[in-house]
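Heads up: the sequence shown begins at 1 in UniProt numbering, then just goes up one per residue.
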Amino acid sequence: MRQWVFTLGVDQSWREIECIQFYHANCCFHHFFHSVQIDRIIYSFNWKFGSSRPANIAAFDVCAESTHIISFPNDFSSQCSHRMSSGLIMRSALVDLDGRLAILHISKVDDRKYSMVIWKMEKCMVWEQLAIAIPLEASQMIHRCLLRVTTNHFGEVMLFLIGRSKTIFVLVLLYNFKSQVWRKLDIHGLLDKPSPCFWDTAVMHVIVDNLFSVAGGSSNRPLAYAG
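Okay, here's the thing in structure tokens:
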């Protein structure tokens, strides 16, 4: 595969850069949820179903116009080797955690419980692992909801559980590392009559700056979005 780069406002044409061996983005299931930009470096999951090559992370330095490979943490890498599936990928994400690259993975503990496993890349280029239990109410919903994972500019981890009963609903769980407490937000009124093919065609990429209650007080009241 060949690679080119174009700098807005500077270049008049695309210029080819040195290519390293990595998969085209379309090879990764729902690849658009698995990249993050931190300090002018774009990190992306680099894997493909059925390939004998090890999965890893491709890091593209925008300034240097070069790409290098970062190995997965051993524990996560073993899961990729033995459980490479859309389910594994959809429960994992690359995120910016306090300015550092991190992998978030929602892991099944037993039939009723899930935990959030975090591998954070430290300055010494070593992965530091942390596991956080997910509240039981949310754990019991995960298997029947579409799941998205991200972080906000407060350094909180955000889990989006997107489900459907009579209407589409979104449950947002936020974890604060300082207080070590989960808090819950319910978002209502997205779609009154969801399409039967919603799960096959819908794509949700969430960038959140602020969520606040329009009624004030209780966090389970209707919410408004301010981006």
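C-beta: ideal position from N, C-alpha, C; glycine also.
Query                                                                                                                                                              : Result
Give a yes or no on whether 8 Å exceeds the smallest Cβ distance from Leu97 to chain B.                                                                            : Protein chain content of the structure displayed is limited to a single chain, and chain B is not contained in it.
Can you tell me which of Gln37, Ile134, His68, Arg100 puts its alpha carbon nearest to the alpha carbon of Val181?                                                 : Ile134
Check Ser86 in the structure and name its three-state DSSP category.                                                                                               : Bear in mind that the predicted position of Ser86 carries a pLDDT of just 46, short of 50, making it too unreliable to give a figure here.
In whole angstroms, what is the alpha-carbon distance linking Asp11 and Val109?                                                                                    : 51 Å
How would you call Glu156, buried or exposed, if buried means at least 16 neighbouring beta carbons within 10 angstroms?                                           : buried
Mark Cys197 as exposed unless 16 or more other C-beta atoms lie within 10 angstroms of its C-beta, in which case mark it buried.                                   : In this predicted model, Cys197 has a pLDDT of only 48, less than 50, meaning its place in the structure is not dependable; the value taken from the coordinates is given anyway. Classification of Cys197: exposed, given that the 10 Å Cβ count is below 16.
Using CA atoms only, rank isn't needed, just tell me which of Ala64, Cys63, Ser107 is closest to Asp75.                                                            : Ser107
Roughly how far, in whole angstroms, is the beta-carbon of Ile38 from the beta-carbon of Asp96, given that I think they are within contact range, below 8 Å?       : 5 Å
Thinking C-beta only, is Ala131 closer than 8 Å to Ser120?                                                                                                         : One detail in the question is off: residue 120 reads as Lys in this sequence, not Ser. Not in contact: Lys120 and Ala131 (Cβ atoms no closer than 8 Å).
Among Phe154, Ser179, Ala138, which has the Cα closest to the Cα of Leu185?                                                                                        : Ala138
Beta carbon of Leu161, beta carbon of Ile187: below 8 Å?                                                                                                           : no
Is Ala58 closer than 8 Å to Ile69 when the C-beta atoms are compared?                                                                                              : yes
Output needed for Tyr114: all residues of its chain with C-beta closer than 7 Å, excluding positions within five of it in sequence on either side, in chain order. : Ile106, Ser107, Lys108, Ile134, Ser139, Ile142
Can you tell me where the alpha helix (DSSP H) holding Glu137 begins and where it ends?                                                                            : 136 to 142
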